[in-house]
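**Student:** Got a structure for you, written out below as structure tokens; questions coming shortly.
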Amino acid sequence: MPDQDLISVTEFCESHHLQFGFIESLQQYGLIEMTTVEQTSFVHDSELPKLEQFARLHHELDINFEGMEAITHLLQRMDEMHHEIIKLKNKLSLYETH
Amino acid sequence: MDFVDYYKILGIEKNASQDDIKKAYRKLARKHHPDLNPNNKEAHKLFQQINEANEVLSDPEKRKKYDEYGKDWKHAEQFEKAKHSSSQQHYANEGGQNFSGDFDEGGFSDFFESLFGGGGRRTSQTKFRGQDYNAELQLNLTDAYTTHQQTITIDGKNVRITIPAGIENGQKIKLKGYGAPGANGGPNGDLYITFSITNNTRFKRDGNDLHTTVDIDLYTALLGGEIMVDAMSGKVKLKVNPETQNGTKIRLKGKGFPVYKSEGQFGDLFITYHVKLPTNLTEKQKELFTELSKL
């Protein structure tokens, strides 16, 4: 019996009008992780926001898998930089007079 | 409510072909898509405008109506009624693209609603995860020092959340499932709360460490002694070494800020001594200082 936090890839593809191959390619590019339980493919529900984002990027903006891979790295970098900015801003307050 | 120039939004001429519209839309969508502009409200707003312009101009019927009434859109419905051509008026959306995701899906302008009614968005049976919500919560530094609960209101419902001690200014936490409801049975979105912490203390925070300056008088600095200083956890008794220099920094281990989600762990408190020189010296003091200076 699969974990209740696992979503069947087939069901996800049906409800989002996606091809199974699309999800498989995302996995091959290392963009998402799939789990196989009793020969059925699942994704963890924590992957859902990422999965939907890739579906939007691919279908709405015609971005290919290489592009999505690059975007993922850049968004990660942006997120890291955003955190770094917050940290530096907080540190800066140390040198500001009350 | 103002007229919205969809051609201007897409940067195209009024006689643009469907191919031109598609190209212009794709180009702008790639630039302003919410997935590529996280935390950028301006880009989200622009994307909604671009989306709306495309919704109208890429649909020949809608484009015809838009072109026909143009700036007289306020009278569009009256004209329509006068024409008695209700059979022509089906604005159900078929085909094309269905945008979704991390932005306000109901974001059509009043102008659009007025001209085309509320049913602008294409209907679909696709299951979609609900939109994520973002909120900001203001806290004082003293509140962030202890783990505490707060009740926040989301869509009219009260939600009690636990804020762990040691949360940082600008830190974001996720409340799973507290976003907008999913569409067609899809899961709910999440709620992201960003904390904005106001310093209501005399301490300066650097991660888990706190910094402060303490005044000591000349005699304590020279001869040593004991002083009471304020830490976040209360008063602390400190021994000042003889001949302590102005600007000396000492560290009180474990008297700083709690480490986030690490119960019982605290950063350090750094104290910088500021030696205050006496003023309004008496004759006797002057005499003694003069004597000291000659030694």
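These protein sequence lines map, in sequence, to chains A and B.
Take the first sequence: its position 16, counted from the start at 1, is 16 in our numbering, and no numbers get skipped.
To get our numbering, take the position in the second sequence, counting from 1, and add 98.
Idealized CB from N, CA, C, for every residue including glycine.
Bear in mind the structure is a predicted one, so any value in this text is a computation, not a measurement.
Reducing DSSP to helix, strand and coil, say where B/Met326 ends up.
**Tutor:** B/Met326: strand per DSSP, three-state reduction.
**Student:** Would A/Leu61 pass as an interface residue toward chain B - the criterion being a Cβ-Cβ separation below 8 Å?
**Tutor:** yes
**Student:** Does any C-beta atom of chain A lie closer than 8 Å to the C-beta of B/Pro279?
**Tutor:** no
**Student:** Check each residue of the stretch 105-132 of chain B: if its Cβ is closer than 8 Å to any Cβ of chain A, include it; give the result in chain order.
**Tutor:** Against chain A - using a Cβ distance shorter than 8 Å - the residues of the stretch 105-132 of chain B are Arg124, Ala127, Arg128 and His131.
**Student:** Is it buried or exposed, B/Arg300, if we count other Cβ atoms within 10 angstroms and call 16 or more buried?
**Tutor:** exposed
**Student:** Run the CB neighbour count on B/His130, radius 10 Å, all protein chains shown included, and call it buried at 16 or more, exposed below.
**Tutor:** buried
**Student:** So which residues on chain B does A/Ile86 lean against when the C-beta distance must stay under 8 Å?
**Tutor:** Glu266, Asn267, Gly268 and Gln269
**Student:** Can you tell me where the alpha helix (DSSP H) holding B/Arg124 begins and where it ends?
**Tutor:** First-last of the alpha helix (DSSP H) with B/Arg124: Gln116 to His130.
**Student:** Are the CB atoms of B/Asp328 and B/Lys374 within a distance shorter than 8 Å?
**Tutor:** no
**Student:** Are the CB atoms of B/Glu324 and B/Lys333 nearer to each other than 8 Å?
**Tutor:** no
**Student:** Apply the 10 Å Cβ neighbour rule to B/Met326 and answer buried if 16 or more other Cβ atoms are within range, or exposed otherwise.
**Tutor:** Residue environment for B/Met326: exposed (fewer than 16 other C-beta atoms within 10 angstroms of its C-beta).
**Student:** My assumption, with CB atoms under 8 Å, is that B/Leu273 sits in contact with B/Ile295. Please give the rounded CB distance.
**Tutor:** Wrong, their Cβ atoms sit about 19 Å apart, outside the cutoff.
**Student:** Give every residue of the same chain whose Cβ lies closer than 6 Å to the Cβ of B/Ala233, excluding the five residues on either side of it in the sequence, and list them in chain order.
**Tutor:** Ile291
**Student:** Considering only the beta carbon of each residue, do B/Met330 and B/Tyr231 sit closer than 8 Å?
**Tutor:** Their beta carbons are not under 8 Å apart, which means B/Met330 does not touch B/Tyr231 by this criterion.
**Student:** Is B/Ser198 helix, strand or coil when you go by DSSP?
**Tutor:** Only weak support is given to the placement of B/Ser198: the predicted model assigns it a pLDDT of 35, under 50, and the question is left unresolved by the model.
**Student:** Drop a sphere of 10 angstroms on the beta-carbon of B/Asp165, count the other beta-carbons inside from all chains shown, and report buried for 16 or more, exposed for fewer.
**Tutor:** exposed
**Student:** How would you list, in chain order, the residues of chain A whose beta-carbon sits under 7 Å from the beta-carbon of B/His309?
**Tutor:** Leu94
**Student:** Chain B beta carbons: is any one of them nearer than 8 Å to that of A/Ile23?
**Tutor:** no
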